[in-house]
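Engineer:
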Amino acid sequence: MRKGFDGLAVLAQQVLEQSPHSGALFAFRGKRGDLVKLLWYDGQGLCLFSKRMDRGRFVWPMTKTGSVSLTAAQLSMLLEGIDWRRPERTATPLLAG
583 MRKGFDGLAV LAQQVLEQSP HSGALFAFRG KRGDLVKLLW YDGQGLCLFS
633 KRMDRGRFVW PMTKTGSVSL TAAQLSMLLE GIDWRRPERT ATPLLAG
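Numbering-wise (our numbering), the sequence shown opens with residue 583 and increments by one.
#1: Determine which residues share a DSSP beta bridge with R634 and list them.
#2: When the Cβ atoms of the region 651–664 are set against those of the region 627–639, are three or more pairs found closer than 8 Å?
#3: Spatial neighbours of H603 within its chain, please: CB distance less than 7 Å, with the 5 preceding and 5 following residues excluded, ordered by chain position.
#4: Please report how far the alpha carbon of L630 lies from the alpha carbon of L677, in whole angstroms.
#5: Starting from F608, trace the beta strand (DSSP E) both ways and give me its first and last residue.
#6: So, with DSSP's three-state summary, where would you put L593?
This is the structure:
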């Protein structure tokens with residue numbers, strides 16, 4: 583994952599066929615799965631955020647089209663290392679109150 587602002591912006595434009603200046607958030611994962619970089623245009627310039635997992639891997643969506651749309655909740659779970667495709671729900675209470 584050596585790419586920075588410009589390299590990731592070119593990937594978004596050429597591979598995903600999206601404008602990196604559209605305001606969409608673009609997520610890129612490293613080969614080992616323990617590093618993710620997020621590219622986002624805030625209206626003034628490109629922002630690049632990165633996160634490396636100490637333990638575990640980021641659960642990455644499989645796709646044939648090359649891009650996937652995630653909800654804010656799915657993105658949050660992805661960044662926490664939770665399998666957002668099959669989140670485990672906590673037990674519901676038996677009694678109210």
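No residue lacks a Cβ here, since even glycine has one placed at the ideal position from N, Cα and C.
Structural biologist: In short, the structure shows the following:
#1: Position 52 of the sequence shown, counted from the start, is the residue given in the question as residue 634. Note: R634 sits in a beta bridge opposite L617.
#2: Enough Cβ pairs lie closer than 8 Å, so yes.
#3: Residue 603 sits at position 21 when you count from the first residue of the sequence shown. Excluding sequence neighbours, H603 sits near Y623.
#4: As a first step, residue 630 is located in the sequence shown; it is residue number 48 there, counting from the start. As a first step, residue 677 is located in the sequence shown; it is residue number 95 there, counting from the start. Going by the C-alpha atoms only, they are around 46 Å apart.
#5: The count along the sequence shown starts at 1 and reaches residue 608 at position 26. Residues 607–611.
#6: For the purposes of this step, residue 593 is identified with residue 11 of the sequence shown, where counting begins at 1. Residue state, collapsed to three classes: helix.
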